[in-house]
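Asker: Let me give you the structure first, and then I'll get to my questions.
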Amino acid sequence: MPDKVVAMACGQDHCLVVNATGDVFSWGQNSHGQLGLGKEVSLQYTPVLIHSLIGVAVSQIAAGAEYTLVLTLPGLVYCCGANKVGQLAFFLLRNTSKQSQRHQLVTCEVFQTV
Numbered sequence: 304m305p306d307k308v309v310a311m312a313c314g315q316d317h318c319l320v321v322n323a324t325g326d327v328f329s330w331g332q333n334s335h336g337q338l339g340l341g342k343e344v345s346l347q348y349t350p351v352l353i354h355s356l357i358g359v360a361v362s363q364i365a366a367g368a369e370y371t372l373v374l375t376l377p378g379l380v381y382c383c384g385a386n387k388v389g390q391l392a393f394f395l396l397r398n399t400s401k402q403s404q405r406h407q408l409v410t411c412e413v414f415q416t417v
């Protein structure tokens, strides 16, 4: 387990933690890529560092049923996992005025993102 956990989020079958140095670790079911590790790993039994987030200033993590959101200090949101009902908000990418929007809070429910 990572030392000095400062934040934790759990989805339906996966968990994430952020340690004091800002590294993000994930473990659990990865059927939709919700661990941020790609889809090569279907199940991760122990916490593993999400390499794609190394050096990213993470301010918050959130987990839905089968997806994950990561909020950065500058207000950018990284997301991965299932998008069955639009919970990853990819529809916002079609509207160029929304692409530069900065956020202060992310939260997830089973199939909802705020």
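For the sequence shown, the numbering used here puts the final residue at 417, and the numbers step up evenly by one. Each residue gets a CB set at the ideal place from its N, CA and C atoms; glycine is no exception. Just so you know, these numbers come straight off a predicted model, no measurement behind them.
What does the alpha-carbon distance come out to for the pair Val-327 and Gln-337?
Answerer: Taking the straight line from one Cα to the other gives about 13 Å.
Asker: According to DSSP, Gln-419 sits in a beta bridge with which residue or residues?
Answerer: Any question about residue 419 goes unanswered here, given that the chain covers just 304 to 417.
Asker: For Leu-372, which of helix, strand or coil comes out of DSSP?
Answerer: DSSP places Leu-372 in strand when its eight states are reduced to three.
Asker: Leaving out five residues on either side along the sequence, give the residues of the same chain with a beta carbon under 6 Å from the beta carbon of Val-344.
Answerer: The answer, listed in chain order, is Asn-333.
Asker: Buried or exposed: where does Ile-357 fall if 16 or more other Cβ atoms within 10 Å of its Cβ makes it buried?
Answerer: Exposed, since its Cβ has fewer than 16 Cβ neighbours within 10 Å.
Asker: Let's see if you can read the secondary structure: which residues bound the beta strand (DSSP E) around Ser-362?
Answerer: Ser-362 -> beta strand (DSSP E) spans 361-366.
Asker: Can you round the beta-carbon distance between Ser-329 and Pro-305 to whole angstroms, since I take them to be within the 8 Å contact cut?
Answerer: With 8 Å as the limit, Ser-329 and Pro-305 do not qualify as a contact, their Cβ atoms being about 11 Å apart.
Asker: Which residue from Val-373, Cys-382, Ala-366 puts its Cα closest to that of Gln-315?
Answerer: Closest by alpha carbon: Ala-366.
Asker: Nearest by alpha-carbon distance to Ile-364: which of Gln-347, Val-321, Lys-342, Pro-377 is it?
Answerer: Residue Val-321 is the option with its Cα nearest to Ile-364.
Asker: Tell me where the beta strand (DSSP E) around Ala-310 begins and ends.
Answerer: 308-313 is the extent of the beta strand (DSSP E) around Ala-310.
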